[in-house]
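Residues in the sequence shown are numbered consecutively from 66, following our numbering.
Idealized CB from N, CA, C, for every residue including glycine.
Here the structure comes first, spelled out in structure tokens, and everything after it is commentary.
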Amino acid sequence: MNFIHKFENYLVENLDMKNPELKESRRGFGEALVELGKTNPNVVVLGGDVSGSVRTDLFRDAFPDRFFSVGISEQDMMGVAAGLAVVGKIPFASAYGEFATGRPFDQIRQSIAYSVMNVKICASHCGFTVGPDGATHQSLEDVALMRVLPHMNVITPADYNQTYRAVIKASEIDGPFYIRFYRDNSPNFTNPNAPFEFGKADTLLEGSDCAIIASGLMVWESLLAAELLAEEKIMVRVVNMHTIKPIDSNAIVSAAKNTGCIVTAEDHQIKGGLGGAVAEVLAQEYPAPVEFIGAKDTFGESGKGSELFEKYGLSKRHIVEAVKKAIKRKK
Numbered sequence: 066m067n068f069i070h071k072f073e074n075y076l077v078e079n080l081d082m083k084n085p086e087l088k089e090s091r092r093g094f095g096e097a098l099v100e101l102g103k104t105n106p107n108v109v110v111l112g113g114d115v116s117g118s119v120r121t122d123l124f125r126d127a128f129p130d131r132f133f134s135v136g137i138s139e140q141d142m143m144g145v146a147a148g149l150a151v152v153g154k155i156p157f158a159s160a161y162g163e164f165a166t167g168r169p170f171d172q173i174r175q176s177i178a179y180s181v182m183n184v185k186i187c188a189s190h191c192g193f194t195v196g197p198d199g200a201t202h203q204s205l206e207d208v209a210l211m212r213v214l215p216h217m218n219v220i221t222p223a224d225y226n227q228t229y230r231a232v233i234k235a236s237e238i239d240g241p242f243y244i245r246f247y248r249d250n251s252p253n254f255t256n257p258n259a260p261f262e263f264g265k266a267d268t269l270l271e272g273s274d275c276a277i278i279a280s281g282l283m284v285w286e287s288l289l290a291a292e293l294l295a296e297e298k299i300m301v302r303v304v305n306m307h308t309i310k311p312i313d314s315n316a317i318v319s320a321a322k323n324t325g326c327i328v329t330a331e332d333h334q335i336k337g338g339l340g341g342a343v344a345e346v347l348a349q350e351y352p353a354p355v356e357f358i359g360a361k362d363t364f365g366e367s368g369k370g371s372e373l374f375e376k377y378g379l380s381k382r383h384i385v386e387a388v389k390k391a392i393k394r395k396k
């Protein structure tokens, strides 16, 4: 659309807001693993009983001697991953988000984060869009759990392209990582040729009325909201905060100084996730009005992802309302 200034480094050329390309971000993870398998013999992969679902089966089929299935035992998966890291391997351990973080939290804390092991925890099926699987599988607390751990790096890519690049980048950096992605097809709109700058946010749109700082699937939802706001001559900055930890404080402060107010958007609890991280930075460095889009101290339920986004206040309509509220507060 004409209102979008396409930053060459970050958005695909000729982005069609009405009919974007749709791809699974989890497939970006699986295909990145296969590429790493070709180039780095130290990369190994651990799976539970969901290898086909999280796309680690792609690596398993290509490199069967470097794939380890631990069954439905995520605690064991994290312990084995830590042991493999001790002997110089680069283990990627993957499961559904809820079971990759909540169930083995003690093992992640003690054996991976505390011990600063070079383990990459990669979680699929995160957030509300797991949909019909219901509240037990909708991981809405995982970012908060991982962000609070010392030494843990946390990434929430926006689409297939960025998931692929984030996985490659994580393999190049020594230390524990948590990477979060999704089950369903979703818009694939980031430039596949842009470098993934770990710890540095991508500004997708410029605007002076308000800044939307989003992560994961909510980046696309924020672009859709920006389109609606532009029709009312409200111009917003849209920031893809793909790295939640370490957070890009400079991007947050710059957004607050240049627009005067912030809206955060995440497919996660607003407490402890992206919204909490942004608020912490602003409280210390540049106080400004903030509105939060995300789960508001609630579990989800079974339903289509789009319906749940609407019911729980994550849709583009809700982002538009939050922007207008934030703008009123700065006046």
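For residue i, the three-state DSSP class (helix, strand or coil)
i, result
"residue 235", "helix"
"residue 245", "strand"
"residue 137", "coil"
"residue 179", "coil"
"residue 253", "coil"
"residue 267", "strand"
"residue 76", "strand"
"residue 292", "helix"
"residue 215", "coil"
"residue 380", "coil"
"residue 387", "helix"
"residue 158", "strand"
"residue 367", "coil"
"residue 261", "coil"
First and last residue of the uninterrupted beta strand (DSSP E) at residue i
i, result
"residue 277", "275-279"
"residue 308", "308-310"
"residue 89", "87-89"
"residue 111", "108-112"
"residue 188", "185-189"
"residue 329", "327-334"
"residue 359", "355-360"
"residue 303", "301-305"
Expected contact under 8 Å - CB spacing of residue i and residue j to nearest Å
i, j, result
"residue 384", "residue 277", "7 Å"
"residue 217", "residue 266", "Not quite, the Cβ-Cβ distance comes to about 19 Å (not below 8 Å), so this is no contact."
"residue 236", "residue 90", "That belief does not hold up - the Cβ atoms of residue 236 and residue 90 are roughly 17 Å apart, past 8 Å."
"residue 246", "residue 94", "6 Å"
"residue 307", "residue 203", "At roughly 21 Å, the Cβ-Cβ gap does not stay under 8 Å, so residue 307 and residue 203 are not in contact."
"residue 331", "residue 283", "6 Å"
"residue 223", "residue 281", "6 Å"
Residues near residue i in its chain [Cβ-Cβ closer than 7 Å; skip 5 each side]
i, result
"residue 149", "109, 156"
"residue 398", "Residue 398 lies beyond the stretch modelled for the chain, which goes from 66 to 396, so this question has no answer here."
"residue 320", "276, 278, 302, 304, 327"
"residue 211", "166, 217, 219, 243"
"residue 394", "326, 354"
"residue 184", "146, 147, 150, 156, 158, 177, 241"
"residue 135", "111, 113, 141, 142, 145"
"residue 229", "93, 96, 97"
Span of the alpha helix (DSSP H), counted from its first residue to its last, around residue i
i, result
"residue 317", "314-324"
"residue 345", "339-350"
"residue 116", "116-119"
"residue 165", "162-166"
"residue 125", "122-127"
Own chain residues within Cβ distance below 6 Å of residue i, not counting five before or after
i, result
"residue 272", "300, 301, 302"
"residue 181", "216"
"residue 128", "102"
"residue 367", "197, 199"
"residue 291", "270, 301, 303"
"residue 268", "304"
"residue 232", "94, 97"
"residue 85", "252, 254"
"residue 77", "254, 256"
Chain-order list of residues whose beta-carbon lies under 8 Å from that of residue i (same chain, five-residue window excluded)
i, result
"residue 209", "333, 334, 336, 337, 338, 341"
"residue 314", "346, 350"
"residue 363", "377"
"residue 207", "162, 163, 165, 166, 167, 188, 191, 243, 245, 333"
"residue 286", "279, 330, 374, 379, 380, 381, 384"
"residue 249", "89, 194, 196, 370"
"residue 318", "346, 347, 350, 351"
"residue 105", "155, 236"
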